[in-house]
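All residue numbers in the sequence shown are consecutive under the UniProt record's numbering, ending with 300. Structure first, commentary second.
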Amino acid sequence: TLDTAPHHPGPHGPPGPYGAGAQHPPMGGAVAGIQPPPPAHAIGHHAAPVHHGVRLGAAGPLGMSHPYHPGSNLLHLLDKLPRELREIESTNPTQTPVIIVYNLPANITVHMLFNLFSLYGSVLRVKILREKSDTALIQYSDPLYATIAHNYIQGANVLGQSLQVGFSKNMEVKLPPPNSQKTEATAEEEKRTVAFSIKDQRYGGDDVEKYVKGSCRPTKTIFVANLDENATDEEVQKLFKEHGQVSKFTFKAPKNESAKTQMAMMEMGTEAEAVAAVMYLHNHELHGRSMKVAFSKTVL
1 TLDTAPHHPG
11 PHGPPGPYGA
21 GAQHPPMGGA
31 VAGIQPPPPA
41 HAIGHHAAPV
51 HHGVRLGAAG
61 PLGMSHPYHP
71 GSNLLHLLDK
81 LPRELREIES
91 TNPTQTPVII
101 VYNLPANITV
111 HMLFNLFSLY
121 GSVLRVKILR
131 EKSDTALIQY
141 SDPLYATIAH
151 NYIQGANVLG
161 QSLQVGFSKN
171 MEVKLPPPNS
181 QKTEATAEEE
191 KRTVAFSIKD
201 QRYGGDDVEK
211 YVKGSCRPTK
221 TIFVANLDEN
231 ATDEEVQKLF
241 KEHGQVSKFT
251 FKAPKNESAK
261 TQMAMMEMGT
271 EAEAVAAVMY
281 LHNHELHGRS
291 MKVAFSKTVL
C-alpha cells in the first residue's frame, strides 16, 4: 500500500487540461500525453492519528514535530494574495500542507522538485513514490503554501511533461525509519524521501511575505540573486544556455552598495526552458556562492 491518498483538486485552481479544477480526463478517454491520476480505490493512505480532535505526529513549521492543528497559521496574509487563493478553505478543503504531483518526467530528482516547489513556500519533505516513480508528495510548513503551489504549478511544462497537482489527504510525508543496516533498498528509499532544513529554504527561513509577494506561474523571465561580484555575464549565460536559449540578459545592482554580490535577470526562449533552469541551477555554486534562481513577473 502506498503512503499517499486520493487528492482534492479544489474548485478554485486554474483550468488544467481537463477543465477548471479537474484532475481527471473527461469520460471516454485520456488526454494525449497526460497520465491521469489513479482512481481513489487504487491508492491507500496512512494519515497521522487523531487524538481529541488534534492530529498527531505531523510536522509543523519547518519540521518541528508536534500535534498538527488543521488550518493555516498565515491567514492574516490573505489580503496580499490573488482572489482565487483567498478562499483557502474551499480551495484546500482538508487544510493539508501536502500536495501530490502526478506525471513527473522519468529523470526527475527530489532536489530538482525542491528547487521548483520551494518557490512557493517552505518545503519540509519531498518523496518520490517507489511504486509509482512519476508521482511525488511535497510537504510544506503550512497549508497556505500548499494552496499557492497548487494554483501556480498546475499544468506547468516540466521537461516535456504537463504536471498535475492535487491535495493529499495526508497531513505529513513520512520519512523512512532509521536503519542501522544499510542495504541497496534502504539507500534507494533515502534518495527518494528527503527532509529539508531551515537553511535549505530560499530565504533562509520561513519568510512568509517574500513567498507571497514573489509567487507566480512559471515565466520566461529568470531572476538570479547571490551572484559573486566577480561573476561575468559570459559565465552566467553559459550555465543557463545549457537549458535553453538566453535571448536577453542584464545585471542588476544590489540595493546595498557594499554587498559583495550582484543580481541578474534574463529571458529564456520558453517558459519550459525557464522551468528547467530553475530546477537545475537553483543553489548551483559559482565562484563559491550558491545562486538563487526564481521566476520573475518583470518583462525585460
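Here a beta-carbon is modelled for each residue, glycine too, at the ideal position from N, C-alpha and C. None of the values given here were measured: they were computed from a predicted structure.
What does the Cβ neighbour count give for residue i, buried or exposed, with the cut at 16 atoms within 10 Å?
i           : result
A187        : exposed
K127        : buried
S122        : buried
residue 303 : As displayed, the chain neither begins before 1 nor continues past 300, which places residue 303 out of reach and without an answer.
H51         : Because H51 carries a pLDDT of 29, less than 50, the predicted location of this residue cannot be relied on, and the following value inherits that uncertainty. Exposed: under 16 other Cβ atoms inside 10 Å.
residue 303 : No statement about residue 303 is possible, as the shown extent of the chain runs from 1 to 300 and does not include it.
E273        : buried
K260        : exposed
N92         : buried
S168        : buried
G160        : exposed
R125        : buried
N115        : buried
L119        : buried
A294        : buried
H45         : With a pLDDT of only 37 at H45, under 50, the local geometry of the prediction cannot be trusted, and the value read off the model is given with reservation. Exposed is the call here.
H287        : exposed
V278        : buried
V246        : buried
Q181        : exposed
A5          : Residue placement at A5 is flagged as unreliable, the pLDDT there being 47, under the threshold of 50; a coordinate-derived value is accordingly withheld.
K297        : exposed
G155        : buried
E172        : buried
V299        : exposed
A149        : buried
Could you give the DSSP three-state label for residue i: helix, strand or coil?
i    : result
L227 : strand
D253 : The question names Asp, but residue 253 in the sequence shown is Ala. A253 falls in the coil class under three-state DSSP.
T219 : coil
T298 : coil
F247 : The displayed chain sequence assigns Ser, not Phe, to residue 247. In this structure, S247 counts as strand in the three-state DSSP scheme.
H51  : Annotation note: pLDDT 29 at H51 (below 50); position unreliable, no value reported.
V98  : strand
Y203 : coil
A146 : helix
F117 : helix
For the alpha helix (DSSP H) holding residue i, just list the boundary residues, first then last.
i    : result
Q237 : D233 to K241
E184 : E184 to R192
L279 : Note on identity: in this sequence residue 279 is Met, with Leu being the wrong assignment. E271 to L281 is the extent of the alpha helix (DSSP H) around M279.
K210 : V208 to G214
Which residues does DSSP list as the beta-bridge partners of residue i?
i    : result
I108 : Per DSSP, none; premise fails for I108.
L159 : Answer by DSSP bridge pairing: none, since L159 is not bridged.
Q154 : DSSP, once it has assigned bridges, lists no residue as partnering Q154.
R289 : L286
Y267 : What sits at residue 267 in the sequence shown is Glu, not Tyr. Partner(s): T221 and K248.
Taking residue i as part of the beta strand (DSSP E), name the residues at either end of that continuous run.
i    : result
K292 : K292 to F295
K127 : V123 to I128
I138 : A136 to Y140
A259 : Unbroken run through A259: none, as it is neither H nor E.
Comparing the CB of residue i with every heavy atom of the ligand NAP, is any distance shorter than 7 Å?
i    : result
F114 : Among the components of this structure there are no ligands whatsoever, and the ligand NAP is therefore not found.
Is it the case that the stretch 134 to 145 contacts the stretch 92 to 103, given that we only count it when at least three CB pairs across the two stretches are under 8 Å?
Short answer: they touch.
- prompt: Three or more C-beta pairs closer than 8 Å, one from the stretch 191 to 210 and one from the stretch 238 to 257: is that the case here?
  reply: The stretch 191 to 210 is not in contact with the stretch 238 to 257.
Practice task
Take every Cβ of the stretch 203 to 213, pair it with every Cβ of the stretch 263 to 276, and state whether three or more of those distances are shorter than 8 Å.
Solution key: Judged by Cβ distances under 8 Å, the stretch 203 to 213 makes no contact with the stretch 263 to 276, as fewer than three pairs qualify.
Can at least three beta-carbon pairs, one atom from the stretch 197 to 208 and one from the stretch 106 to 113, be found at a separation below 8 Å?
Segment contact: the stretch 197 to 208 against the stretch 106 to 113, fewer than three CB-CB distances shorter than 8 Å; contact not assigned.
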